[in-house]
Structure formats: C-alpha cells, structure tokens
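Protein chains in written order, with the working numbering: chain G, 760 to 916; chain Y, 46 to 840.
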C-alpha cells in the first residue's frame, strides 16, 4: 500500500506491505537508518521519533497510521550550523559508547528539554526510562542532559 | 652524530594524547545516526536471509521438506545440512557445532535450515513454511543431572566438557574456623542493543566479502572458510559497526549462513536477527553452582579454600574450556590462601550453548568467594573490609595454581580507597521524590518499611588469553603528509565494540608520533589478526602493536632528521626527539615532521605478551599473563513489604595500571556495574525444559536509567610491567564485583542468606528459602587437565 508521510519537512512516499511499521518504512524504504531497531516491542526506545510532535516508538506505529502526518527523526536534529546541543552534550559528557541507543536517546532527551528546559535528575530518569542503554550505565547520559540543558538555557550553543 | 634510538618518546605536547579524556573518534557519526552498524548495511539487489530453528532441546530429524517454502513468492534459496558444501561444523576451540543440524538437534534454537528471499517478510514466511519432522528425544537440561551415569549423552564425548583440578599446599590443612556456602548463578544474556547482523556479497573470484558485526574477524574467517570450502584468502571480512558485544559476538552467528546463501544465489544476502532470535543466536553467561568451604585462623588469616563448581556449557563447546579454567583458577578469590582444593567441571546439556560474557567465569566465582568472606567475617566478628585487607593478594603472592604474581597487584590500595569513598546521604522516605523509593517508579511504595544495607566486594581477573595461547595483535601504521600537517593512519583488525578502543589507539599514535591528525581504518582481514576484542585485552594488545609500529616509524623519522641535521651541519648534544610537531636535535630544531615524510613512513609490528603455560594434572602452572583487581561498595534499600530493592549508590575502585582515557575508564566502570546490577537483581534467561521463556526485552529485564544509581569511582594507577604505558584492560572489573557487592548489601539489609542471583522479590521477603543442595556431585572420572575432546577426538 502507498503511504505518504512528511519526514523531516519533506513529503515522502513508499509502497509498503500493510503490516509494515513506521520504523521499517523509515529504515528500509526511505533509507533513514539513524532510527534503530533493537527490540521491535517498544521496550528499548532505540527507534524513538516524533509523530506530529509527539515522542513515539516508531516500531509500534504502523506506517499506514503515519499516512498524511509529520515525522521527525534523529536526522532532523543537526543543522548546517552544526550538531544539536543535545548531540554535542552527548559527545562532551562521554555518553556515547557503542552508540546504538544514542539516536533514540538523543531524540528522547531533546523531547524532554523541549517540554522541560531544566529537568532535575528524577525527571530525567523518568523521561528516559523507556530508552535502554547497555554500555554506559546511564551516568553520563544524565550528565549530558544536564549539560545540554545548561547550554541551551545560556544560549551557549 | 647521534643515532636515533628506540626509547621513550618525548612528544608530550600532542593534543588528545594518552592520559587525556580525548573525545571519541567515532562520536559524531554516532550522535548523528549515520554510523553504519551491521543491521544498517544495504546494497542494491540484496536478498534477506532467515533461519529455521529447532523448537526441541533434543530430537531426531526424521525429514525436512522445503518444497512449500521454495514455492512461496520471492524465495530464492532454501538450504539444509545436505546442501553444505564442505566442513559441516565450526567452533571457537573445538568444531562441534553444526552449521545446520543433521540427524539430531541438541538445543532449542539450533539452526536447521536457512532461506533467502527478496523481502524480509517473504524470508520470514518461507522459514515458517519449512516442514521439519522431529522425533523428540530425552533431553538433559540440568547441569548436575548431566553428570549422572544414566543421563542422556549430549556429546559423543560424554557430558563432561572439561574438568579442572587444582591442588595447592595441603588441602587437609586444619583451620580454627570454617564457613560453608552454596551459591547459584543464573544464565545472563549479554543483550547488546545492536542485533547480530551482516551482509555477504559473492565475489567475482568465487569467494565472498562479508561485512559483519563481530569481535574477532580472523577467527571468524578461520571457522567460515572451511565450511564454505574456500581458501581463507577468498573469504574477506570487513567489520561493520558493532552495537555492543560483551562476549556475545565471539562465536559465529549469521556469518556462515549468509555466505552460504550468497554463494548459492549469486546475490548479496543480508541477515539481521530480531531480538527474539538474538537470544537464541548467541551464547550466554554460564549458569553456575558452587560449593565452598573456607577455613581461617582466629585472627582472620585464610588457611584453606575448598571449592567445587559446575557450570552449564549447553549443547556445544564454544569457549567453555577457557571459562571453566578461569572460574577454577579464581575460585579462591584475590586472597592469599596457602592450601586449596578446587574442582571445576563444565558440562554439556541440552540447554542453549554458553560461552563468553564480560567477566568470563570470574563473575560466578566472585559471587561465591565474596559470600564466603562475609560469612567468615561474621563468624570471626571481624569487619568485612578489614578481613579482605588482611588476606589481599600482592605482587609476589602465590596463587592456588602456584603462579606467582609478578606484575602490579595494588589490592590493598584498591580495597582501602573504595571503602573510603563518600557514602550517600540518608534521606527519609517522606522527603523524597517517590521515584527514588524501591518500586517508586511503579508508584507502589511509600517507603514505610525500607531498610538500608551496605555491602562490599573485591574481585579479580586475568587480562588477555591464558594457558600458553599464542596471543598476538598486528598493527600497520602509516605517517604521511596530510592536508593539515602530518597524518597517521592506523590499520588493525582490532574491533571497536563501543568501549573506545579506536580512540585509545589514536591517542597512542598522537603520543608516540607527536601528531594531531590520526585516522583509524575500520578493521578487516587485509591486516593480520588482532585477536578478539575480549578478555579486557585490546588496550594491551592492539595498543602494544600500535605503540610498537609508531616507535618504528619514529625511529626512521629521527634517522631522517639526523641525516638532515648532519647535512646542514647542525651541532647538538643529547638525542633526537619529536616535540610540538617538529624534529629536534638536542634543543636545535631540524624541521617540521611533515618535511621528513617524502616518501611516507610505514611500519607493521606484531605485539605479543609474555608466554604463559597450561596447567598440569595438579592444576599447577603459570596460566595467566596479568591481573586486574576491582572493589565495589554497594548501598541498597529494600522495601520489606514489597520485596523490591533499589541500589542507592555504587562506589567503585579499579586497578587499571594507567588510565589511558579517564572518561572512557569511568564509562567502563559505570557500564560494567550496570551489567553486574542486572545480574544481581533481575537479569536471567529463564529456561523450561531447555526452551527460553523470556526471549524479549519485555520479559528479559535490562537495567534502565531508573534502576541505575550514581556510580562514584576512582582508579589506582600502578603500571603493569610489559604493558604499553603500563595499562591494564578495564572492561570487565566492574562487572565482576558489582553483583557480589549488591547482594552483600541486600543480605545486610534483610538478614537473609540470598545465595542465588538474580535475587527475586520472593527471596527478599523470604517466600522462597535459600537454595539447598545435597552436596556437590562426585568429581567426574575423565582425563585432565585439558578439555576432554583433546583426549578423545583429534579434529
């Protein structure tokens, strides 16, 4: 079936099988492989994207459900001016190891900071509790969110 | 004129050198989402592979009917064991694992057939359409039952895979105080987020190019090529991005299957496992049962350690021989024990195969020997930390194998610094965000009956390979003129799995050559073997090889500098050196480094650590190269109404030799602790009659950011002789001790014995009593000390 989705500001079409997830459409049909597939059950957050501005696991959304709607992926974050402050903070805080969870976490952390610019630890923990990371033990992810929060507040980046 | 000599480099000025928290060289593509992991590989016209796996832990294959699968739309190939072109088995240490099962299957999840189709869904449907007629056979799925004489025989060699017997001093030596304990460790999964994945592309020369997420390209190739009937040079491996490994990628997964399908169809074939298949598609941490008796003098001095352990190797050999060696040699703990009797047995069962996972045998025994140390401290009325300090190993100590520790062993300092790290404040439950209470995230508790506990654990492990293995790593380094000055290019087969190895290799080149621009080529088989990225070995091994290649280049660079200085009549005192991007003769500048790079300089070096030896029939020898020690203190809270626990803080100190990249070391300590926390509290592959019951992230629980407490960490830097920059590996230490420390804290909070990990809520509230045992099984009557297949089989 033909599905038309606005992805990162551009309307894109793909011919997908009816059971295809939004994740599968993004990765396999549109070549946007920054959004990762690690569990396909909505447990790990590696496939986090925005659907009409709302954070979702793209593995739990049918491609057909996204028809006519707006999707933003990790690929939307950096600009010609450079990395998004959350991306830069993940690098500077050492929050990246294997990196497989990183795109999903960068998206989820950016979503949090859009809603709550200066979140305390407990709020960060709740907001990111749907994103598994197997490498870092999360300490530096927490540091990265605080770092990004401070820089965005100060307009440093 | 002076000649340039090999020696310590003085090019200290380079940015991001060894000892700094240099940024990751692969960081930017990883935050952008453009870093290509195995599952991201893509090429025009590729097919998608899928695997048919046995639902039975033990069965005879009566027949396989592929006709229905072949008739489906888009299906290009269906292969079974009868289509295998050459060698039919593979394995890391012993080739007993079928590429595709024939005649019988020995575990639930064993591959039986493979398919390739135009679309992943077509491949999945085709796999489901392959009809296999099985006759179920009796299975043995309990490790002790496997040792009974009437047990079904999993392997033609019998059910004993290897038995390690270590006799040290006088095992009959008397002690003032004895403590006894029995301990069980469940099966843990590595659960890397990146699935097993790769892309095989048939080549014009009849060979195949395989892009794959792995840990050791060359040993993969050594197993793949014979099964394809190809010479090794026609099987070229290129490492794809690796989304975490933790041991799970040491054994082959989809490699041979994708190559077979690519060669059968003449098309590129991609295989990428889903999460459920990933649980079946890689080995796990060995479940263990450990019986220990520990004797000490009244003053706390250890006298005797008697340990019997059994580990479940599952259906095939994998790396079980090395895991049981490790577990057995470390079973008495990082303590001086003058007398010991240790018997470790790895068995075959019809469970999924077990093999490498971070800690590699050291995790299981640490849980037991640290439990014993706490029991002993209680029996003696001694402080547990003081008891550990009193008995701690040090340089010169003799281990139960008779091995003398020659390298660095700052164990006392590790213990004392860990114990001195600041404790977390105690905040009353009423004053807290509910999310910080045990069960708080689920809004189930108000903290009415929360008890705090503190536990301490010490552990240790070998770095690099043991038992006389010829352990090596090759590196090629090229220094040339780049766009912004001298450019160093590093080429090794050493795989970056996320731990930061490639960043450390770049730091080494910057330090050794005084350059800023370094490129690390993605690993492949065009260069010599690097050995595996495992055993905490690559900082030492690949680091050593890169340092050696850089030293050779530096030597030649300085020779060119000396020639120039002589030509220009420069007079100097002292040697030539590199500083601030220049060649200096004494204090006199000879020229910029880039001026001496026409033609470019290239060097290839192989690094080997000192030779070790196998154990003799009494378990005596010099099996390990070097050791790294770690300590952790855990603070936990247990809600006694709910049986829920929360770790409040982990304080960790690790013996690292030299912190090559301090932030990277912290990352290893924090991430390693998280995996230890998972094993302590909830991570277990649950088996029923050999079948995995929880092959998903819904049912196999991996720690989330809500589960992980702050980790306060520090390192002890006492250089290891013979290791580049004195560095030891840092990947495993925290994983080894975190589990033991957390369970010690849970015992302290609850007063319960808690002798099995993961600890469950029922354990914490006493609904399930401690695990009991009728005593250890009889020591098996098999040849030793090598793996049994070495005596009974010669393939």
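Ideal placement from N, C-alpha and C gives every residue a C-beta, glycine not left out.
All of these numbers come straight from a predicted model, not from anything done at the bench.
Which of helix, strand or coil DSSP assigns to residue i
| i | result |
| --- | --- |
| residue 832 (chain G) | coil |
| residue 857 (chain G) | coil |
| residue 246 (chain Y) | strand |
| residue 79 (chain Y) | coil |
| residue 144 (chain Y) | coil |
| residue 849 (chain G) | helix |
| residue 686 (chain Y) | coil |
| residue 760 (chain Y) | strand |
| residue 780 (chain G) | strand |
| residue 652 (chain Y) | strand |
| residue 184 (chain Y) | coil |
| residue 824 (chain Y) | coil |
| residue 886 (chain G) | helix |
| residue 897 (chain G) | coil |
| residue 211 (chain Y) | strand |
| residue 442 (chain Y) | coil |
Bridge partners - residue i, DSSP secondary structure assignment
| i | result |
| --- | --- |
| residue 507 (chain Y) | Y:672 |
| residue 225 (chain Y) | Y:338 |
| residue 535 (chain Y) | Y:522 and Y:565 |
| residue 765 (chain G) | G:770 and G:829 |
| residue 677 (chain Y) | Y:502 and Y:697 |
| residue 178 (chain Y) | Y:108 |
| residue 801 (chain Y) | Y:229 |
| residue 863 (chain G) | According to DSSP, which records beta bridges pairwise, residue 863 (chain G) is partnered with nothing at all. |
| residue 134 (chain Y) | Y:143 |
| residue 124 (chain Y) | Y:159 |
| residue 496 (chain Y) | Y:683 |
| residue 517 (chain Y) | Y:653 |
| residue 437 (chain Y) | Y:380 |
Within-8 Å CB hit, residue i to chain Y
| i | result |
| --- | --- |
| residue 819 (chain G) | no |
| residue 807 (chain G) | no |
| residue 797 (chain G) | yes |
| residue 888 (chain G) | yes |
| residue 792 (chain G) | yes |
| residue 877 (chain G) | no |
| residue 850 (chain G) | yes |
| residue 800 (chain G) | yes |
CB contact check: residue i to chain G, cutoff 8 Å
| i | result |
| --- | --- |
| residue 55 (chain Y) | In this predicted model, residue 55 (chain Y) has a pLDDT of only 42, less than 50, meaning its place in the structure is not dependable enough to derive any value. |
| residue 287 (chain Y) | yes |
| residue 523 (chain Y) | no |
| residue 62 (chain Y) | no |
| residue 80 (chain Y) | yes |
| residue 46 (chain Y) | Because residue 46 (chain Y) sits at a pLDDT of 35, beneath the cut-off of 50, its placement in the model cannot be relied upon, and the following sentence gives the value as read from the coordinates. Not one chain G Cβ lies under 8 Å of residue 46 (chain Y). |
| residue 699 (chain Y) | no |
| residue 689 (chain Y) | no |
| residue 394 (chain Y) | no |
| residue 84 (chain Y) | yes |
| residue 715 (chain Y) | yes |
| residue 817 (chain Y) | no |
| residue 330 (chain Y) | no |
| residue 75 (chain Y) | yes |
| residue 480 (chain Y) | yes |
Chain A contact for residue i (CB, 8 Å cutoff)
| i | result |
| --- | --- |
| residue 583 (chain Y) | Judged by its chain identifiers, the structure shown contains no chain A, and its protein chains are G and Y. |
- Query: Which of the residues in the stretch 224 to 247 of chain Y, read from start to end, lie with their CB under 9 Å from any CB of chain G?
  - Reply: 235, 236, 237, 238, 239 and 240
- Message: Extract the residue ranges of the alpha helix (DSSP H) inside the stretch 582 to 646 of chain Y, only unbroken runs of 4 or more that lie entirely within it.
- Response: 583 to 612
- Query: In the stretch 310 to 398 of chain Y, which residue ranges form an unbroken beta strand (DSSP E) of at least 3 residues, counting only runs that do not cross its ends?
  - Reply: 314 to 317, 333 to 341, 347 to 357 and 384 to 392
- Members of the stretch 827 to 847 of chain G near chain Y, C-beta cut-off 7 Å: 833, 834, 837, 842 and 846
- Message: Closer than 7 Å between beta carbons: that is the criterion. Which residues of the stretch 728 to 755 of chain Y meet it against chain G?
- Response: 741, 742, 743, 747, 749, 750, 751, 753 and 755
- Contiguous beta strand (DSSP E) assignments of at least 3 residues, all confined to the stretch 795 to 840 of chain G: 807 to 810, 813 to 816 and 829 to 831
- Task: Would you list, in sequence order, the uninterrupted alpha helix (DSSP H) runs of no fewer than 4 residues that lie entirely inside the stretch 250 to 303 of chain Y?
- Result: 262 to 273
- Query: Looking at chain G, which residues of the stretch 156 to 170 of chain Y have a Cβ within less than 9 Å of any of its Cβ atoms?
  - Reply: 164, 165 and 166
- Which residues, in order along the stretch 854 to 871 of chain G, keep a beta-carbon less than 7 Å from a beta-carbon of chain Y? 855, 856, 857, 858, 859, 860, 861, 862 and 865
- Sequence ranges, beta strand (DSSP E) only - wholly within the stretch 58 to 112 of chain Y, length at least 3: For the stretch 58 to 112 of chain Y, whole beta strand (DSSP E) runs of length 3 or above, ordered along the chain, are 92 to 98 and 104 to 110.
- Unbroken stretches of the beta strand (DSSP E), 3 residues or longer, contained in the stretch 717 to 795 of chain Y: 756 to 761
- Query: In chain order, what residues of the stretch 890 to 905 of chain G put their CB closer than 8 Å to some CB of chain Y?
  - Reply: 890, 891, 892, 893, 894, 895, 896, 897, 898, 899, 900 and 901
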